[in-house]
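Step one of this worksheet: look at the structure below.
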Amino acid sequence: MEGILRVIVFSLTICTLYVIGNIIHNVFLHQLRRYPGPPLWAASRLPWCYHQYRGRLPGKILELHKRYGHVVRIAPSELSYTDASAWKTIYGNRKEEMPKDPVFRLHTPTGAQNILVADRETHTRQRRLLSHAFSESALREQEPILQLHARKLVTQLSLRRNSPINIVDWLVFASFDLIGHMSFGESFRCLDTGAYDPFVEAISAMASELTYTQMAKYWGLNRLRQLFMPKALLGQRRANIGRAMAMVGKRIKQGSEHRDFLHYILSANDEKGMSPEEIHVNAFSLSIAGSESTATALSGAIFFILTNPHVYETLTKEIRTKYTHEDDITLVSTKSLPNLDAVTTETLRLYPPVAITMPRVLPAGGETIAGSFVPGGTSVGVPHYAISHHPDNFHRAEDFCPQRWLPIDEGGDTAFTNDIKEAMQPFSFGPRGCLGKNIARAEMRLLFAKLVWAFDFKLCEGQEGWTGQRCQGFWQKGPLWVELERRVR
Numbered sequence: 003m004e005g006i007l008r009v010i011v012f013s014l015t016i017c018t019l020y021v022i023g024n025i026i027h028n029v030f031l032h033q034l035r036r037y038p039g040p041p042l043w044a045a046s047r048l049p050w051c052y053h054q055y056r057g058r059l060p061g062k063i064l065e066l067h068k069r070y071g072h073v074v075r076i077a078p079s080e081l082s083y084t085d086a087s088a089w090k091t092i093y094g095n096r097k098e099e100m101p102k103d104p105v106f107r108l109h110t111p112t113g114a115q116n117i118l119v120a121d122r123e124t125h126t127r128q129r130r131l132l133s134h135a136f137s138e139s140a141l142r143e144q145e146p147i148l149q150l151h152a153r154k155l156v157t158q159l160s161l162r163r164n165s166p167i168n169i170v171d172w173l174v175f176a177s178f179d180l181i182g183h184m185s186f187g188e189s190f191r192c193l194d195t196g197a198y199d200p201f202v203e204a205i206s207a208m209a210s211e212l213t214y215t216q217m218a219k220y221w222g223l224n225r226l227r228q229l230f231m232p233k234a235l236l237g238q239r240r241a242n243i244g245r246a247m248a249m250v251g252k253r254i255k256q257g258s259e260h261r262d263f264l265h266y267i268l269s270a271n272d273e274k275g276m277s278p279e280e281i282h283v284n285a286f287s288l289s290i291a292g293s294e295s296t297a298t299a300l301s302g303a304i305f306f307i308l309t310n311p312h313v314y315e316t317l318t319k320e321i322r323t324k325y326t327h328e329d330d331i332t333l334v335s336t337k338s339l340p341n342l343d344a345v346t347t348e349t350l351r352l353y354p355p356v357a358i359t360m361p362r363v364l365p366a367g368g369e370t371i372a373g374s375f376v377p378g379g380t381s382v383g384v385p386h387y388a389i390s391h392h393p394d395n396f397h398r399a400e401d402f403c404p405q406r407w408l409p410i411d412e413g414g415d416t417a418f419t420n421d422i423k424e425a426m427q428p429f430s431f432g433p434r435g436c437l438g439k440n441i442a443r444a445e446m447r448l449l450f451a452k453l454v455w456a457f458d459f460k461l462c463e464g465q466e467g468w469t470g471q472r473c474q475g476f477w478q479k480g481p482l483w484v485e486l487e488r489r490v491r
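When you read off a place in the sequence shown, starting at 1, and then add 2, the result is the number in my numbering.
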């Protein structure tokens, strides 16, 4: 017994000495020791994980940047930047690839690479093919799908106009139905049933799960975490993934006659294109990335205009003056609405659907970022939320001010002349930037214009703090209760 105790004490002593030695190295001897930041964050990844677990990491990173400057050491081997020039250096075109941090390289359902996690060669090949589905001409041909679900949304809300509704639910329904139709050739019918499809419900849970997976990877505990994951949860996840894969398979068998994403992918596919497995995982990934982000942005836009009456008044006047009939609201016509565009852009700045950092790893030779050399092997990134909220980048950074995006002769304000507008990149930057940004912006403009044209909105009491949400991959959106009345024309 005494021998066992000695072994335990010895083991604990070794572990303690290792931890202490590692902390001393990280704080005093590490190659990043001269970069500013809180000592606890430099010593260990634990503070980062703590705030990530609580869902408060985006706000905490902003707080650190306000205190320490535009470059902050937020972990032993990671630097965070809120200098706008860092976008191009870190995420722009380069001869030598700056790969994504391995912690953020997640496995796909079939093991095939999708465009979100692919290596450089595979990403280039897949992006060439997928770009056909997101071109301006493809967007125009897909407009009937967007119009169909926009009409359904207006119809369903009209039936519920006499009592408060949670507008977040309906925007999620519309976004998932639309992107499901475009990705799989059929919608999830959430708008028809007024209820969440199991696949849609699983997406939010999946976002939190991926956050915990990333934290576990930092500590080498991911396999252990998977062992203790409830079997019911694993079974549900497999069922939803299996269903999505089956929907893709069914759509592929129908060929390229339907004008959705797969029409353009299948029409342009060749021997240098994508394998069936790659088409499956890309359609699955697009259905997630393209739906949750749009629903988030639209929910935020509704909240911001209802808490800024002067903005709401200006926007309704612009939209209702331009259009006599709902059917006149189209993808092309909404491009010429400056206030609508300013409201959606300011929403993306203040409430970015992707609020976190997508870090890259510097190659062995290192790189000069924002005027200072950074050694190779360092993780570097730009946090979307922090850079868009930093007062050095935007005047009245915490306020909803769409006029900052308007020309002076169209209602702009000279107070925002010195804003560093290129600091805001809600769809990321460079060759791995979001392929679907054009369709995302078009969908936002179309749905938002239809809603503002058709209804008079009023925010219910007690909703003023709605944006104080947790963020784990996606914002954990709570209910946003509004009252609406069909507009009398």
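Ideal Cβ placement from N, Cα and C applies to all residues, glycine included.
Can you list, in chain order, the residues of its chain whose CB lies under 8 Å from that of I358, leaving out five sequence neighbours each side?
L59, P60, P385, H386, Y387, C473 and G475
Whose C-beta lies closer than 6 Å to the C-beta of T347 among residues of the same chain, with five residues either side of it excluded?
W407
I'd like to know whether the C-beta atoms of E445 and L148 end up nearer to each other than 8 Å.
The criterion of a C-beta distance shorter than 8 Å is satisfied by E445 and L148.
Could you tell me whether the Cβ atoms of G368 and V376 are closer together than 8 Å?
yes
From what residue to what residue does the alpha helix (DSSP H) around R434 run?
No alpha helix (DSSP H) contains R434, which DSSP labels as neither H nor E.
Between T309 and E466, is the Cβ-Cβ spacing less than 8 Å?
yes
How big is the Cα-Cα spacing for L150 and G182?
13 Å
Threshold first: 4 residues or longer. Then list the alpha helix (DSSP H) segments lying entirely within the region 104-172, N to C.
Here the runs fully enclosed are 122-132, 138-143 and 145-160.
Can you say whether P49 is buried or exposed, counting buried as having 16 or more other CB atoms within 10 angstroms of its CB?
buried
Tell me, to the nearest whole angstrom, how far the beta carbon of N95 is from that of G432; I am working on the premise that it is less than 8 Å.
Beta-carbon to beta-carbon, N95 and G432 are separated by about 6 Å, close enough to satisfy the 8 Å threshold.
Work out the CA separation of Q405 and L264 for me, nearest whole Å.
38 Å
In this structure, how does DSSP classify L461 when only helix, strand and coil are distinguished?
strand
Nearest CA to the CA of F305: which residue from E80, N24, S79 and K479?
K479
Decide if the region 123-140 is in contact with the region 163-180; the criterion is three or more beta carbon pairs, one per stretch, under 8 Å apart.
no
Taking 8 Å as the cut-off, does the region 325-344 touch the region 390-399 (at least 3 CB pairs, one atom from each stretch)?
No, the region 390-399 is not in contact with the region 325-344.
Which full runs of the alpha helix (DSSP H) of 4+ residues lie inside the region 23-66, going along the chain?
41-45 and 48-56
Starting from the Cα of K97, find the closest Cα among S82, E123, S79 and Y70 and give me that residue.
E123
Within the same chain, show all residues whose beta-carbon is closer than 7 Å to that of H260, passing over the 5 residues directly before and after it, in chain order.
Non-local C-beta neighbours of H260 in its own chain, meaning closer than 7 Å and more than five positions away in sequence, comprise G187, ordered along the chain.
Only counting runs of 4 or more residues, tell me where the alpha helix (DSSP H) segments fall wholly within the region 379-456, in order along the chain.
386-391 and 439-456, all fully within the region 379-456.
Answer yes or no: does any C-beta atom of chain D fall closer than 8 Å to that of V9?
Looking at the structure shown, chain D is missing, and only one protein chain is on hand.
Using a 10 Å radius around the Cβ and a threshold of 16 neighbouring Cβ atoms, would you call I16 buried or exposed?
exposed
Identify the continuous beta strand (DSSP E) that holds W483 and give its terminal residues.
W483 to R488
Measuring straight from C-alpha to C-alpha, what distance separates L339 and Q144?
21 Å
By the 10 Å Cβ neighbour count, where 16 or more other Cβ atoms means buried, how is K452 classified, buried or exposed?
K452 sits buried, since 16 or more C-beta atoms from the chains shown fall within 10 Å of its C-beta.
How far does the beta strand (DSSP E) with R322 in it extend, from its first residue to its last?
Where R322 is concerned, there is no enclosing beta strand (DSSP E), although the alpha helix (DSSP H) it sits in stretches over P311 to K324.
Can you tell me which of the three DSSP states Q238 falls into?
Helix.
Hey, T84 and I371: beta-carbon distance below 8 Å or not?
no
With a 10 Å radius around its C-beta and 16 neighbouring C-beta atoms as the bar for buried, classify D330 as buried or exposed.
exposed
Can you name, in chain order, every residue of its own chain whose Cβ lies under 7 Å from the Cβ of R253, other than the five neighbours on each side?
F186, G187 and L264
On a CA-only basis, which of V363, I321, H282 and A299 is nearest R245? Give me that one, please.
H282
Answer yes if the region 285-302 comes into contact with the region 170-177, meaning at least three C-beta pairs across the two stretches below 8 Å, and no otherwise.
yes
Taking 7 Å as the limit between beta carbons, can you name the residues of its chain near K219, skipping five residues before and five after?
V105
Using 8 Å for Cβ pairs, my map puts L364 next to V345. What's the rounded Cβ distance?
Not a contact, Cβ separation roughly 38 Å.
Pull up the CB-CB distance for L81 and L34, whole angstroms please, since I reckon it's below 8 Å.
Contact between L81 and L34 holds: CB atoms are separated by about 7 Å, below the 8 Å threshold.
Is the CB-CB distance between M360 and K62 below 8 Å?
no
Starting from T346 and walking both ways along the alpha helix (DSSP H), at which residues does that stretch end?
It spans P340 to L352 - the alpha helix (DSSP H) in which T346 sits, taken as one unbroken run.
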